[in-house]
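Residue numbers (this note's numbering): -15 to 289.
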């Protein structure tokens, strides 16, 4: 970590889910004064018990803050946190910076940045990658874009949260666009891994052996290696839910349609996630695509009744 993490900042973290809670913990560990805010009072209470401060609304959390880190699911939630009732824009001091970590359409990121910057505050478009464990360790990958002033103001928080920080441009939207390319690949890889594993089961293969062979072979992907143990264990507790990829692959279709660019592979992956959500597994782990294949084809996977 760089020296700037020693500079104590007042930081609000809005959204204490699996990622946000870890990010808030990393910021606190780096010596910052951190206030957490979440729709769940229980999660805020847990953060306070761990030595943080708690707030009931984004406006309350942002009062007197140097930096606000928003770790919510989508653009609509981000906009509500900024400009809705009891929003951050009411109380964040002038020259404060809003770090937006939600995955969203780059055009929306540009619009929100313009709106906030017009009030004399800074907006850093900073989607994240790495999962809950890396968030808790302060070792995320952050794909950021924004003005030089936004980067300078956000630096202490970025240093505390990221192992890898990519500075991808001087305006909001670039970070979001890079993140969508990642999500295109991530969604396709999960869908492909699920298809392969269910197909292997249909062939009567020992799927634990399949996992061992594929992870040592050229067909492996980070997603195959990370997600298929959930299938082997029959454990679909959501680390990342099916609905996330319904959303993100949907954004990719919208972006591609606007750009008149064909994305047939990610379109097929989106349909598999939609089918899985329609079958009642939308809030389950995204490896549930394998279960959907199994249900359609009569294949038995671990954990099946």
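Even for Gly, the Cβ is constructed at its ideal location relative to N, Cα and C.
Simplified DSSP state of residue -8, which is helix, strand or coil
coil
Proximity below 9 angstroms, CB of residue 112 to CB of residue 125:
yes
What span of residues does the alpha helix (DSSP H) with residue 329 cover, start to end?
Within the shown structure, residues of the chain are numbered from -15 to 289, placing residue 329 beyond reach of any answer.
For residue 270, does the count of other Cβ atoms within 10 angstroms reach 16, so buried, or fall short, so exposed?
buried
Check the C-beta distance from residue 10 over to residue 115 and give it rounded, since I have them as a contact under 8 angstroms.
The Cβ separation is near 13 angstroms, so there is no contact.
Decide if residue 165 is buried, meaning its Cβ has at least 16 other Cβ atoms within 10 Å, or exposed.
exposed
For residue 229, does the three-state DSSP call read helix, strand or coil?
helix
How would you call residue 299, buried or exposed, if buried means at least 16 neighbouring beta carbons within 10 angstroms?
For residue 299 there is no data in the structure shown, the boundaries of the chain being -15 and 289.
If you reduce the DSSP assignment to three classes, tell me which class residue 19 lands in.
strand
Boundaries (first-last residue) of the alpha helix (DSSP H) holding residue 245
Run containing residue 245: none; DSSP gives neither H nor E here.
Between residue 222 and the rest of its own chain, which residues show a CB-CB distance below 7 angstroms, the 5 nearest in sequence each way excluded?
267, 268 and 269
Per DSSP, what are the beta-bridge partners of residue 148 in this structure?
125
Please identify the residue among 253, 28 and 36 whose C-alpha is closest to the C-alpha of residue 15.
36
Does the distance from the CB of residue 261 to the CB of residue 215 come in under 9 angstroms?
no
Could you please give me the residues that DSSP links to residue 107 through a beta bridge?
82
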